[in-house]
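Each protein sequence line maps, in turn, to chains A and B. Take 0 as the starting number for the first sequence in numbering that gives the first Met the number 0 and just add one per residue. Take 0 as the starting number for the second sequence in numbering that gives the first Met the number 0 and just add one per residue. Here a beta-carbon is modelled for each residue, glycine too, at the ideal position from N, C-alpha and C. Input: a single structure, listed below in structure tokens.
2 protein chains.
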Amino acid sequence: MSRKPRSPRRGHGRATLDDVARLTGVSAITVSRALRSPELVASQTREKIQEAIAEIGYIPNLVAGSLASIESRTIAAIVPTLENSIFAEMLQGMVDVLHGRGYQLILGSNNYDLDEEEALVRAFLARQVEGMILTGAAHSGGTTALLDMAHLPVVETWSLLGSPSAGSVGFSNFQAAYRTVEHLHERGYRELAFVSAPVGNNDRASERRKGFVQALEDLGLRKRPDTFLTSSFGLRAGAEALGVILERRPETDAVFFANDTLAAGAILEAHRRDLAVPGDVAIAGFDDLEIASQVIPSLTTVRVHRHALGSKAAQLILDTLDGHRVESRNLDLGFEIVVREST
Amino acid sequence: MSRKPRSPRRGHGRATLDDVARLTGVSAITVSRALRSPELVASQTREKIQEAIAEIGYIPNLVAGSLASIESRTIAAIVPTLENSIFAEMLQGMVDVLHGRGYQLILGSNNYDLDEEEALVRAFLARQVEGMILTGAAHSGGTTALLDMAHLPVVETWSLLGSPSAGSVGFSNFQAAYRTVEHLHERGYRELAFVSAPVGNNDRASERRKGFVQALEDLGLRKRPDTFLTSSFGLRAGAEALGVILERRPETDAVFFANDTLAAGAILEAHRRDLAVPGDVAIAGFDDLEIASQVIPSLTTVRVHRHALGSKAAQLILDTLDGHRVESRNLDLGFEIVVREST
DNA sequence: AGACTCGCTGACAGCGCTAACACAATAGCT
DNA sequence: AGCTATTGTGTTAGCGCTGTCAGCGAGTCT
């Protein structure tokens, strides 16, 4: 057929739609249809096309397809870090849903930095992603502007207080912390300390802190002048935090850690110091990581649905893209206080 | 200038190169150049173009760019699961390098299933990724064929025994296990058990097992009829495995777990059973997760460089793409036996 | 018989960008 | 002055695919 000289610019020598078409003796568009809406193509033609595809190992070029049809079948997700397993687990939830529906995930990690997040958003928009899943509700002005302009479905996770233009899949960090303090109060603890990673532009952490403070106030408990901040969310950081607290405020009878790794680290540290948990000091965590149930004594914590956070967020995006009526763009997945031995 | 009627097919209403060009009074290609190789454009022109870009909020369409230039600036990675933090940490290593060089990561998780891996490879090739990072050296025939055909840099991680057409960044799982057994032997343990996740098509696990078995043989230690397999890599699975072992072979004096979560779970279980570690039974792990140093007693384990596994793999890919002379396409990152209290 | 529908296929144009070449204007050299 | 770089910009022609509309043959309806 077309006897154009092989252009000097042909890319990777991979087979194209045209190659398949030529081999089958149909036109390119028919091959395209056989792949995208097979019901429009005669079954006989379809089979011949399938054979040709198998024979030359044709793989559709989705980049060209995206350019022609504005469908990249790609969703972007940004998490603060992959080094904290809670985000990795959420991503697994996303991937489980996306792969099932023929979408792929393009991943960014912004290291808790809103400017990095903005750069990532820009890079993802350049790649024509169809939807974007962010962590938390705090974003730079530039990010918000970009997303508004881009006009694509956006979902924020781990939080419920996002902008109205974005959907959200999360839970109330405030309530979770508040309820944990209530629990500690019920158990008779009165001198509570709170340990958290830096609150900065981390709305999850700051909401937890607010919930903690509010609960102290409402329950008439003594308010500490400050929160204990840790440099990381590791076991060691938790161990160190416990040390600092016991030194600075030996009267402390319960410590609420904003995540389980810190809390588990504190429990291990208590062992080393021969302190009884919860006898000498009670400890509560957040996340319900596996270690919470396995550490000795087992850890009271707040269970959140990490995998579902991801899968629901992905579903929300895909449903929006499919034009499904989406009942609610704000999904509260809730949390549960899991009471164990440490309190 | 061009007064074509606005085509009915214009995509998302975003600004295009042409819009910028029109606003600046230059041609599209000049704008393209201003962005891709600014040194070719007069600084005055460049500034005007930058202003125009800022004014209308132009974001380049990389999909169109990729189609025209065969550069997607996207690398794909496939890991078995994100639920195991070792892979998430490796991904963080990749992302750190890739973002720094203007590349993005597209992520797949194949759930330890080689057919899923093949489907992912196909999906990534369709997206014109420029390079691919896989976990391990075991792949389906289809995967290998696809990759050979696609003619792009491929790097395998966590292993050194990949196909010659792929690069690799890893360490010897065999040696690591072998050396751990040597260590246990030196410490006087003689009745060793090995616990691992299913070996199936997981070449890391099977190499570790082989190293364990070979070392037993070489050292004249009693060879157990089988390896103890666990259903998952969680703390609980480790605890259960310890229980099974002590019941089935009470003479066991040391257990080598193929990862730290299992090993830490076993240590916690030993606490529950009032067994002394290493007095009653010694325990060794693999990975050197943070918990290894924090658990009581602290855990002897094999340190591997998870973050570097990812960052080096990404570097290897990018260097290959840049046409840098790559000294070696096979990088042995080594490992260290970290001796702690548990042995 | 004529008008109409339905199932299937094709021609053409264009998605937004860049490679390749062309060309004008200026600078540098003998 | 005449020649060759050098610099800066534009023209043209795609990259590989899909939206749109057109057309053909065969069956259906009145």
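Around the Cβ of GLU216 (chain B), a 10 Å sphere holds fewer than 16 other Cβ atoms; the residue is exposed.
Taking CB atoms only, SER65 (chain B) has a neighbour in chain A less than 9 Å away. At a cut-off of 9 Å between C-beta atoms, PHE86 (chain B) counts as an interface residue with respect to chain A. Chain B places no beta carbon closer than 9 Å to that of ILE282 (chain A), leaving this residue out of the contacts. Taking C-beta separations shorter than 8 Å and ignoring five residues to either side along the sequence, the partners of GLU88 (chain B) in its chain run ARG305, HIS306 and GLY309, following chain order. With 16 or more other Cβ atoms from the protein chains shown falling within 10 Å of its own Cβ, ILE316 (chain A) counts as buried. Note on geometry: alpha-carbon atoms of VAL40 (chain A) and GLN49 (chain A) lie some 12 Å from one another.
The Cβ atoms of LEU104 (chain A) and LEU97 (chain A) lie closer than 9 Å to each other.
Chain A places no beta carbon closer than 9 Å to that of GLU50 (chain B), leaving this residue out of the contacts. Across the stretch 247 to 268 of chain B, CB contacts with chain A closer than 7 Å involve GLY264 and LEU267, in sequence order along the chain. When secondary structure is reduced to three states using DSSP, VAL168 (chain A) falls in the strand class. Residue contact check for LEU90 (chain B) against chain A: a CB pair falls below 9 Å. Comparing alpha carbon positions, the residue from B:ARG223, B:LEU218 and B:LEU241 closest to THR229 (chain B) is B:LEU241.
In this structure, the straight-line span from the alpha carbon of ALA262 (chain B) to that of ALA75 (chain B) is close to 32 Å. Annotation: SER26 (chain B) to ALA33 (chain B) spans about 11 Å, alpha carbon to alpha carbon. If the five residues before and after TYR177 (chain A) are omitted, its C-beta is found closer than 7 Å to the C-beta atoms of GLY210, GLN213 and ALA214, all from its own chain and listed in chain order. Excluding residues up to 5 positions away in sequence, ASP287, THR300 and ARG302 lie with their Cβ nearer than 6 Å to the Cβ of VAL337 (chain A) in the same chain. Residue environment: PRO59 (chain A) is assigned as buried (16 or more neighbouring CB atoms within 10 Å of its CB, all protein chains considered). Per DSSP, the continuous beta strand (DSSP E) segment holding ASP331 (chain A) begins and ends at 329 to 331. Between the stretch 122 to 137 of chain B and the stretch 145 to 157 of chain B there are three or more C-beta pairs closer than 8 Å, enough to call the two in contact. The C-alpha of THR179 (chain B) lies about 8 Å from the C-alpha of ALA283 (chain B).
Assignment of ARG248 (chain A) by DSSP, reduced to helix, strand and coil, places it in the coil class. DSSP places PHE173 (chain B) in the helix class (H, G or I) of the three-state scheme.
Beyond the five residues adjoining it in sequence on each side, THR73 (chain A) comes within less than 6 Å, by CB distance, of GLN103, ILE105 and VAL128 in the same chain, given in chain order. In terms of Cα proximity to SER231 (chain A), the closest of A:SER205, A:ALA196 and A:LEU245 is A:ALA196. Taking the C-beta atoms as reference points, LEU218 (chain B) is found no nearer than 9 Å to ILE266 (chain B). Taking 9 Å as the threshold, the shortest C-beta distance from THR80 (chain A) to chain B falls below it.
Judged by their CB atoms, LEU159 (chain B) and ALA281 (chain B) are not nearer to each other than the 9 Å cut-off. Rounded to whole angstroms, LEU81 (chain B) and THR29 (chain B) show a C-alpha spacing of 44 Å. For ALA122 (chain B), the chain A residues whose Cβ falls inside 7 Å of its Cβ are GLN103, in order along the chain. VAL194 (chain A) and GLU335 (chain A) have their C-alpha atoms spaced approximately 20 Å apart. Contact note: MET148 (chain B) reaches chain A through GLY56, using a C-beta cutoff of 7 Å and chain order. PRO163 (chain B) and GLY141 (chain A) have their C-alpha atoms roughly 46 Å apart.
Between the C-alpha atoms of GLY64 (chain B) and GLN314 (chain B) there is a straight-line separation of about 23 Å. Fully contained in the stretch 277 to 310 of chain A are the following alpha helix (DSSP H) runs of length 4 or more, in chain order: 289 to 293. Secondary structure at GLY92 (chain B): helix, using DSSP grouped into helix, strand and coil.
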